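A short worksheet on the structure shown next.
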Amino acid sequence: MELSYLSKGKGKDLVFFHGYGANKECFLRQIDYFSRSYKVTAFDFPGFGKSDALPFPFSVGDYAAVTETFLSRQGIIKPFVVAHSFGARVAVKMAAQKDVFDRLVLTGPAGIIDNRNAAYRLKIFKYRLLRRFSVRYAEAHCGSKEYRCLSPLMKESYKKIVNEDLRLAAKRIRCPVLILEGEKDSATPLRQAKIYAETIPKAKLVVMKNCTHFAFLDDPLAFQLSVEEFLS
């Protein structure tokens, strides 16, 4: 597959993994900053940005395999990685399987399934009931706004992704990990970041005050300083 990417700077490799529905350009401010000290690479996952569309519904493991191939072809070996949200899913999956990263930063990390309470189960029941009468209506009116905007193929991929809990994978990570979590993150709440911090053997959790799911955009300077200190 052809993946769109950009590279800037010289030195130790630092790679950025973007979130679901986003692209490499969301990290432009971080790329400009870190390219002063590192060779920074950011790419679009398949199905996003300017990269090729998915040939079939990808799982997290499929994204991890394509990413590993991409890094190998770029000659990037044991880089530092900064991964946001869905990108953290891919990074966790990769780091659990092989010793591929030197150090890993997770911000707003997705991949922990929790709090599927009665309200959640009711939504699933409603969706499955509506599908019996009209698949089109169910797909158009159920699920998150993010989900409803996806193509049929991407919806099937999305289901695979969000229904995989990565706790067991997190236990197998051996590289040092910094978790930067926004205090006001409602997409991947603080409780999920705490689970990652308790599960990953060499993890440190830093809560960023007054920040949302996009802490690296809400307070870029604080984000940069925390990452810089961790990597150095």
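Going by the working numbering, the first residue of the sequence shown is number 1, and it counts up by one from there. For glycine and all other residues, C-beta sits at the position ideal for the given N, C-alpha and C. Source: prediction; values computed, not measured.
- One thing to note: residue 108 has its Cβ no nearer than 8 Å to the Cβ of residue 52.
- Check the Cα spacing between residue 208 and each of 219, 93 and 164: the tightest is with 219.
- Residue burial annotation: residue 47 is buried, with at least 16 other C-beta atoms found within 10 angstroms of its C-beta.
- Residue 225 is classed as exposed because its beta carbon has fewer than 16 other beta carbons within 10 Å across all chains shown.
- Scanning its chain for C-beta atoms nearer than 6 Å, with the 5 sequence neighbours on each side dropped, one finds around residue 10 the residues 39, in chain order.
- Assignment of residue 89 by DSSP, reduced to helix, strand and coil, places it in the helix class.
- Per DSSP, reduced to three states, the secondary structure at residue 8 is strand.
- Look at residue 223 here: in three-state DSSP terms it is helix.
- Per the Cβ contact rule, the segment 151-171 is in contact with the segment 188-199 (3 or more Cβ pairs under 8 Å).
- Sequence-distant partners of residue 182 (beyond 5 residues in either direction) whose C-beta falls short of 7 Å from its own C-beta, in its chain, are 108, 208, 211, 212, 213, 215 and 218.
- Nearest neighbour of residue 93 by Cα position, chosen from 191, 18, 23 and 61, turns out to be 61.
- Secondary structure at residue 100: coil, using DSSP grouped into helix, strand and coil.
- Residues 96 of the same chain have their beta carbon placed closer than 6 Å to that of residue 172, with the five preceding and five following residues left out of the count.
- Boundaries of the alpha helix (DSSP H) harbouring residue 159: 152-162, taken from the DSSP string.
- Straight-line spacing of the CA atoms in residue 151 and residue 158 works out to 10 Å.
- Nearest to residue 90 by alpha-carbon distance, out of 59, 103 and 102, is 59.
- Shown here, residue 53 sits in coil according to DSSP, grouped into three states, outside any helix or strand.
- DSSP lists 107 as the bridge partner or partners of residue 84.
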